[in-house]
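S.K.: Numbering (full-length UniProt numbering), first residue to last: 1 to 294. Cβ coordinates follow ideal geometry from the N, Cα and C atoms, glycine included. Below is one structure. I have some questions about it.
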Amino acid sequence: MSLPGTAAAAPAPLSGPGATLRWLGVAGWELSANGRRVLFDPYLSRMEYRVPGGSAINERGRLALRPDLVDRTITEAPELIMVSHGHWDHVADVPHLLARFPAARVVCGRSTAFLLEAWDVPRTRMIVVRGGENLEFGGLSVQVVPSLHSMTAEHAYLLPGELSAKPRPPRTLGELVEGETFAFQVGFGTREVLLFGATNYAERELAGLTPDVLVASMTSWKPVHAYPARLVRALGSPPLTVASHHDDMITSLDSPDLPATINTAGPAAFRTEVAAAGLVTNVHEPTHRKPFTV
Ligand SMILES: [Zn+2]
Ligand SMILES: [Zn+2]
């Protein structure tokens, strides 16, 4: 048993054939193993989202999608695309990906399904979930975990709202409301990878989950009590935690300035808080588009 503040032993390395993860920027991931491939929150357009001269979200900002950027980075067909919630930086490129890969299906909540319908995605392409499902795809499983969105420093939700009917085709960032927020634990037989698209969680919903790899959102968690320690403890100290959602969301993926836009303070603070609680997980800081196997 380790005491708070003491260094505990390093977690045992994972053994057996692994899964390959590739960070697509923002909260987006491509996961593959055993010939299977899935996407989580793929967002490559990296549109300007701020009010002119400020840092707040410009709700009236026009959606200016860049399918060329999507196609440059995602070249192999996924069988599933999981969407954590309805915000532009998680869902906006999904209709293009579904059009490009006709065998792929999207896993999303009810509100996000209405958004996708407004973009002419047929219901047959959607697996609409409520949270709590553990879906089997013949050697690939997807557990849907009810979760929570990040908050501002004033404990407010960003672009909240739920759709209960198909809206008009979205034209602005503000029309892409959060809806429900889910995390997804993907099982490839040899590895369980739990992915979050926002920086919060409902702790009781994590009971019993022991993923090999935790992909943790690392935008500011200031309004959330003990965000890193409660998360790592609830998940039984996953051997590996991978930082996510910690770039500037705008700079192009092929810009030489991209590495400097990554917020390294988030993962550093995560490590410090986890260690201070006497818990252990290796925190990995990924490089955009560079695959790694776990
Ligand atoms: Zn969001
Ligand atoms: Zn986001």
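Let me check understanding here. Comparing Cα to Cα, which of 50, 210, 46 and 258 lies closest to residue 145?
M.R.: The shortest C-alpha separation from residue 145 is found at 210.
S.K.: What residue does the beta strand (DSSP E) around residue 30 start on, and which one ends it?
M.R.: Note, residue 30: beta strand (DSSP E), 28–33.
S.K.: In chain order, what are the residues with a CB under 7 Å from some non-hydrogen atom of ligand 2?
M.R.: The filter returns 26, 27, 87, 89, 90, 197, 198 and 245, in chain order.
S.K.: Between residue 16 and residue 242, what straight-line distance do the alpha-carbon atoms span, to the nearest angstrom?
M.R.: Those two C-alpha atoms are separated by around 19 Å.
S.K.: Per DSSP, residue 106 is paired with what?
M.R.: DSSP output for residue 106 lists 81 and 126 as bridge partner(s).
S.K.: CA-CA distance, residue 179 and residue 161?
M.R.: For residue 179 and residue 161, the distance between alpha carbons rounds to 6 Å.
S.K.: Compare the C-alpha of residue 297 against each of 137, 119 and 114 and name the closest.
M.R.: Here the chain has residues from 1 to 294 only, and residue 297 is not among them.
S.K.: Measuring from the CB of residue 180, is there a heavy atom of ligand 3 at a distance below 7 Å?
M.R.: Absence of ligand 3 is noted for the structure shown, with ligand 1 and ligand 2 being the only ligands found.
S.K.: Can you check whether the CB of residue 105 is closer than 8 Å to the CB of residue 135?
M.R.: Going by C-beta atoms, residue 135 is not nearer than 8 Å to residue 105.
S.K.: Looking only at its chain, what residues have a beta carbon closer than 8 Å to the beta carbon of residue 184, apart from the 5 residues adjacent to it on each side?
M.R.: Around residue 184: 40, 82, 84, 107, 142, 143, 144, 145, 194 and 195.
S.K.: Taking a contact to mean a Cβ-Cβ separation below 8 Å, would you say residue 182 touches residue 19 in this structure?
M.R.: No, they are not a contact pair.
S.K.: With H, G and I counted as helix, E and B as strand and the rest as coil, what does DSSP make of residue 25?
M.R.: The answer is strand: DSSP assigns residue 25 an E or B state.
S.K.: Under 7 Å from any heavy atom of ligand 1, does the C-beta of residue 158 make it?
M.R.: Checking every heavy atom of ligand 1 against the Cβ of residue 158, one is found closer than 7 Å.
S.K.: For residue 114, which of helix, strand or coil comes out of DSSP?
M.R.: The answer is helix: DSSP assigns residue 114 an H, G or I state.
S.K.: State the DSSP-derived secondary structure class of residue 234, mapped to helix, strand or coil.
M.R.: Residue 234 falls in the helix class under three-state DSSP.
S.K.: If we call anything under 8 Å between Cβ atoms a contact, is residue 46 one with residue 291?
M.R.: For residue 46 and residue 291, no; Cβs fall outside 8 Å.
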